[in-house]
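Asker:
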Amino acid sequence: MIEAKNLTKQYGDKTAVDDLTFTVRPGTITGFLGPNGAGKSTTMRMILGLDAPTRGTVTVGGKPYRRHARPLQVVGALLEARAVHTSRSAYNHLLALAATHGIAKSRVAEVIEMVGLQDVARKRAGGFSLGMGQRLGIASALLADPETLILDEPVNGLDPEGVRWIRDLLKGLAADGHTVFVSSHLMSEMALTAEHVIVVGRGRLMADMPMSELIAQASSNAVVVRSPQAAALADAFVGADISVSRLEHDTLEVTGLTSAQIGDQARDLNISLHGLAAKKASLEEAFMDMTRDEVEYHAHTPTGHQIRSAS
Amino acid sequence: MSTLTARPASTSEDSDFLTVEPVTAARVLRSEWIKMRSLRSTALTLLVGVVSMVALGWIFGWANNANWSELSPHEQASFSPIDATLAGYHLAQLAIGVLGVLLVTGEYATGMVRATFGAVPRRSPVLWAKAALYTGVTFTLMLGAAFAAFFGGQQLLSTHGTTLSADGAVRAIVGVAAYLALIGVFSVALGFIIRSTAGSVATLFGLLLVLPTLGLLLPSSWQDKLLPYLPSNAGATMFSARTAADALSGTTSLLVLLGWIVPALAGAALVLTKRDA
């Protein structure tokens, strides 16, 4: 269980994390989403006590992380940036971490095998590929079998098999009652893994809800209608929240109405329908929708008009 | 990696006996010992320190003996067979200082420090463990090296040499090892305060090598007031067998040296817990 209350971090006059209040509950995977620079990594670092909040508090298991007698048993963390000395072997890295908590050598060997690093465990960690580095980070996180796992972009650099392994591992841990808090910019992966999502934009909390609800409320949920009298049908759909766009001469995309409402209305107007299909938004669309105005670093695609006006 | 298998349940299903103990000073010390011995640079740099100490002591012994007749009467009268054979500390202190800095800044440079503080979030036990461990390691090694330099050097000095029973000999040998160990702790503290390898090494070398030389350009009345309080000069008077009349006493020199190290450690402990890692 992670509880953040009014968590705020300022660097000079720039606010990286702005008054975040949220709870990450055990027994489920909570996804942490936000555009680059939204404050995800800073939030995770504050949970671990690596960065001190400017205001507010964050606790894990009821206490600030640093107050725990056995911190590694409370939280296992994989941060986005590497946290391994490049000249030390994976085995010695884990052995040194294990020693702080009196964890046996046999457990070190066990986590190495669990992440599949047994063939390279005695080699310098500096020579590891991105995927191997991630596996070592995950081995460190699992070392003391922690109650809570905090993973920043865990599937970064993993091959498809590794991605699937992480997904199954996290689901197993959540099913087992662990708290799993995971950030990722891979929306498709997040949609498959997380049941609950916390969305941040420019440091502020934008959503804290079940995944299904986030997707359901996206404006890109639309209904595609095909009708020989498309124009007449389009004229019938009026309302503040309703928008209609014409995809083809006989095809409309309608948002703000359900398939049932459209079907009923067509029947009332005696208009025949040749097709009626609900188009479900992806997590990516829901996310883009929500964070459109909160993106820190926009990549502008120059249009012809802009190019002309600039010259 | 084909051996990879998903573990759907707890990650410790094979180890019902997984025991996790509270973090204590002794466990952090053990962890730091594993970290120190598992880097190749540790052994290499310490070897450079030991070799500098021993080889230079022998070279100075041999060279002075071989060229004794060329020394002026004044040089012959002021020659200290103890100091000459321990002069390798000038080089050894640089190796020890660099390694002390690297034990800390190496963690900041690679990101290891996040794993370290993740396991020991109170942080200050890491400082105390590194400082204690490095003091112990350098003192032990340098004491052995100083004895080897002394005995070998006296052999090579032949009739111009002296013995362990000579006045100040034991104090000089133990003192030089203590000085080097204290420089080690000081460099660990500098590493925590400055965090960058280049900055810490530059500061250390500036303090040990550049300031004593620059100080010689000051008027002599200023020199007398300032120079004895530089760490390298205080160290030298602490263990030197041949003390100038106006120099600080051995005990005062040790206190002066501690006057550099204790504030550095306190400063390191303070910034360590205050700053973001």
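Protein sequence lines correspond, in order, to chains X and U.
The working numbering numbers the first residue of the first sequence as 1038 and each following residue consecutively.
The working numbering numbers the first residue of the second sequence as 9 and each following residue consecutively.
All C-beta atoms, glycine included, are put in the ideal place defined by N, C-alpha and C.
What you are looking at is a predicted structure, and each value in this text was computed from that prediction instead of being measured.
For Ser257 (chain U) and Leu273 (chain U), I'd like the C-alpha separation in whole angstroms.
Answerer: The residue given as residue 257 (chain U) occupies position 249 in the second sequence. The residue given as residue 273 (chain U) occupies position 265 in the second sequence. Looking at the two C-alpha atoms, the distance is approximately 24 Å.
Asker: Just curious, the beta strand (DSSP E) that Met1243 (chain X) is in, first and last residue?
Answerer: Position 206 of the first sequence holds residue 1243 (chain X). From DSSP, the beta strand (DSSP E) with Met1243 (chain X) extends over 1241 to 1247.
Asker: Using a Cβ-Cβ cut-off of 7 Å (strictly less than) and excluding sequence neighbours within five positions of Leu1167 (chain X), which residues of its own chain qualify?
Answerer: Numbered from 1 along the first sequence, position 130 holds the residue referred to as residue 1167 (chain X). Excluding sequence neighbours, Leu1167 (chain X) sits near Asn1193, Gly1194.
Asker: For Lys43 (chain U), which residues in chain X fall below 8 Å Cβ to Cβ?
Answerer: One-based indexing of the second sequence puts residue 43 (chain U) at position 35. Simply His1122, Arg1125, Asn1129, Ala1133.
Asker: What distance in whole Å lies between the Cβ atoms of Ser60 (chain U) and Gly96 (chain U), which are believed to be in contact at a cut-off of 8 Å?
Answerer: Residue numbering aside, residue 96 (chain U) sits at position 88 when the second sequence is read from its first letter. Residue numbering aside, residue 60 (chain U) sits at position 52 when the second sequence is read from its first letter. Contact between Gly96 (chain U) and Ser60 (chain U) is confirmed by a C-beta separation of about 5 Å, below the 8 Å threshold.
Asker: Rounded to whole angstroms, what is the Cα-Cα separation between Ile1066 (chain X) and Met1243 (chain X)?
Answerer: As a working note, residue 1066 (chain X) is residue 29 in the first sequence. As a working note, residue 1243 (chain X) is residue 206 in the first sequence. Going by the C-alpha atoms only, they are around 18 Å apart.
Asker: Does Arg35 (chain U) come within less than 7 Å of chain X when only Cβ atoms are used?
Answerer: Translated into positions along the second sequence, residue 35 (chain U) becomes position 27. By this cut-off, Arg35 (chain U) is an interface position.
Asker: Take Arg131 (chain U) as the anchor and find which of X:Leu1229, X:Arg1103, X:Leu1132 has the nearest alpha-carbon.
Answerer: As a first step, residue 131 (chain U) is located in the second sequence; it is residue number 123 there, counting from the start. Per the Cα distances, X:Arg1103.
Asker: What residues of chain X sit near Val128 (chain U), judged by a beta carbon separation below 7 Å?
Answerer: In the second sequence, residue 128 (chain U) corresponds to position 120, counting from 1. Listed along chain X, the residues sitting closer than 7 Å to Val128 (chain U) by beta-carbon distance are Thr1137.
Asker: DSSP on Leu1289 (chain X), reduced to helix/strand/coil?
Answerer: Locating residue 1289 (chain X) in the first sequence gives position 252, where the first residue counts as 1. The answer is strand: DSSP assigns Leu1289 (chain X) an E or B state.
Asker: Where Val170 (chain U) and Val218 (chain U) are concerned, what is the direct C-alpha to C-alpha distance, given to the nearest angstrom?
Answerer: Translated into the one-based positions of the second sequence, residue 170 (chain U) becomes position 162. Translated into the one-based positions of the second sequence, residue 218 (chain U) becomes position 210. Residue 170 (chain U) is actually Thr in this sequence, not Val. If I take the Cα positions, the gap works out to 33 Å.
Asker: Determine the burial state of Val279 (chain U): buried for a count of at least 16 other Cβ atoms within 10 Å of its Cβ, exposed for fewer.
Answerer: Here residue 279 (chain U) corresponds to residue number 271 of the second sequence, with the count starting at 1. With fewer than 16 other Cβ atoms within 10 Å, it is exposed.
Asker: Between Asp1055 (chain X) and the rest of its own chain, which residues show a CB-CB distance below 8 Å, the 5 nearest in sequence each way excluded?
Answerer: By one-based count along the first sequence, residue 1055 (chain X) stands at place 18. So the qualifying residues of the chain are Thr1045, Gly1076, Arg1239, Gly1240, Arg1241.
Asker: Output the distance between the C-alpha atoms of Ile1299 (chain X) and Pro1101 (chain X), rounded to the nearest integer angstrom.
Answerer: Numbered from 1 along the first sequence, position 262 holds the residue referred to as residue 1299 (chain X). Numbered from 1 along the first sequence, position 64 holds the residue referred to as residue 1101 (chain X). Roughly 53 Å separates the two Cα atoms.
Asker: Note down the Cα distance separating Met1151 (chain X) from Thr221 (chain U), rounded to an integer number of angstroms.
Answerer: Counting from 1 along the first sequence, the entry for residue 1151 (chain X) is found at position 114. Counting from 1 along the second sequence, the entry for residue 221 (chain U) is found at position 213. Rounded to whole angstroms, Met1151 (chain X) to Thr221 (chain U) spans 58 Å at the Cα level.
Asker: Report yes if the C-beta distance between Lys1042 (chain X) and Thr1052 (chain X) is below 7 Å; otherwise report no.
Answerer: Within the first sequence, the letter at position 5 stands for residue 1042 (chain X). Within the first sequence, the letter at position 15 stands for residue 1052 (chain X). It is not a contact, given that the beta carbons lie outside the stated cut-off.
Asker: Is Gln1047 (chain X) close to chain U, meaning its C-beta is less than 7 Å from at least one C-beta of that chain?
Answerer: Within the first sequence, the letter at position 10 stands for residue 1047 (chain X). By this cut-off, Gln1047 (chain X) is not an interface position.
Asker: Relative to chain X, which residues along the stretch 107 to 124 of chain U have a C-beta separation below 7 Å, given in chain order?
Answerer: Gly114, Glu115, Thr118, Gly119, Met120, Arg122, Ala123
Asker: Are the C-beta atoms of Ser47 (chain U) and some chain X residue less than 7 Å apart?
Answerer: In the second sequence, residue 47 (chain U) corresponds to position 39, counting from 1. Going by the sequence as given, residue 47 (chain U) is Leu instead of Ser. Yes - at least one Cβ of chain X is within 7 Å of the one on Leu47 (chain U).
Asker: Our contact map puts Thr118 (chain U) next to Val1145 (chain X) with C-beta atoms below 8 Å; I'd like the distance itself, whole angstroms only.
Answerer: Counting from 1 along the second sequence, the entry for residue 118 (chain U) is found at position 110. Counting from 1 along the first sequence, the entry for residue 1145 (chain X) is found at position 108. Actually they do not touch by this definition, with Cβ atoms about 20 Å apart.
Asker: Would you please state the rounded distance, in angstroms, between the beta carbons of Leu1173 (chain X) and Leu1154 (chain X)? I believe it to be under 8 Å.
Answerer: By 1-based counting over the first sequence, the position of residue 1173 (chain X) is 136. By 1-based counting over the first sequence, the position of residue 1154 (chain X) is 117. Right, the Cβ-Cβ distance comes to about 6 Å (below 8 Å), so this counts as a contact.
Asker: What number of angstroms, rounded off, separates the C-alpha of Ala134 (chain U) from the C-alpha of Ile181 (chain U)?
Answerer: Numbered from its first residue, the second sequence carries residue 134 (chain U) at position 126. Numbered from its first residue, the second sequence carries residue 181 (chain U) at position 173. Checking the sequence shown, residue 134 (chain U) turns out to be Val, not Ala. If you take the alpha carbons of Val134 (chain U) and Ile181 (chain U), they lie about 30 Å apart.
Asker: Excluding the 5 residues flanking Gly57 (chain U) on each side, which residues of the same chain have their C-beta closer than 6 Å to its C-beta?
Answerer: Your numbering for residue 57 (chain U) matches position 49 in the second sequence. Contacts found: Ala100, Ala103, Ile104.
Asker: Just to confirm the assignment, what range does the beta strand (DSSP E) spanning Arg1263 (chain X) have?
Answerer: Here the question's residue 1263 (chain X) lines up with position 226 in the first sequence. It spans 1259 to 1263 - the beta strand (DSSP E) in which Arg1263 (chain X) sits, taken as one unbroken run.
Asker: What residues from chain U crowd round Arg1103 (chain X), counting only those whose CB sits closer than 7 Å?
Answerer: For the purposes of this step, residue 1103 (chain X) is taken as residue 66 along the first sequence, with counting starting at 1. Within chain U, the residues near Arg1103 (chain X) are Pro129, Arg130.
Asker: Taking the beta strand (DSSP E) that Glu1040 (chain X) belongs to, which residues open and close that run?
Answerer: The residue given as residue 1040 (chain X) occupies position 3 in the first sequence. Glu1040 (chain X) -> beta strand (DSSP E) spans 1039 to 1048.
Asker: Which of the three DSSP states, helix, strand or coil, is assigned to His1233 (chain X)?
Answerer: If you number the first sequence from 1, residue 1233 (chain X) lands on position 196. Reduced to three states, the DSSP call for His1233 (chain X) is strand.
Asker: Less than 8 Å between the CB atoms is what I'm expecting for Met1224 (chain X) and Ser1319 (chain X), so what's the real figure, rounded?
Answerer: The sequence position of residue 1224 (chain X) within the first sequence is 187, counting from 1. The sequence position of residue 1319 (chain X) within the first sequence is 282, counting from 1. About 7 Å separates the Cβ atoms of Met1224 (chain X) and Ser1319 (chain X), confirming a contact at the 8 Å cut-off.
Asker: So the alpha helix (DSSP H) Val1112 (chain X) belongs to, where does it begin and stop?
Answerer: Taking the first sequence and counting its residues from 1, the one referred to as residue 1112 (chain X) is at position 75. Element bounds for Val1112 (chain X): not the alpha helix (DSSP H) but the beta strand (DSSP E), 1112 to 1115.
Asker: Relative to chain U, which residues along the stretch 1079 to 1112 of chain X have a C-beta separation below 7 Å, given in chain order?
Answerer: Leu1085, Gly1086, Leu1087, Asp1088, Ala1089, Tyr1102, Arg1103, Ala1106, Arg1107, Pro1108, Leu1109, Gln1110
Asker: Helix, strand or coil, according to DSSP, for Arg1092 (chain X) in the structure here?
Answerer: What you label residue 1092 (chain X) is simply residue 55 of the first sequence in a count that begins at 1. The answer is strand: DSSP assigns Arg1092 (chain X) an E or B state.
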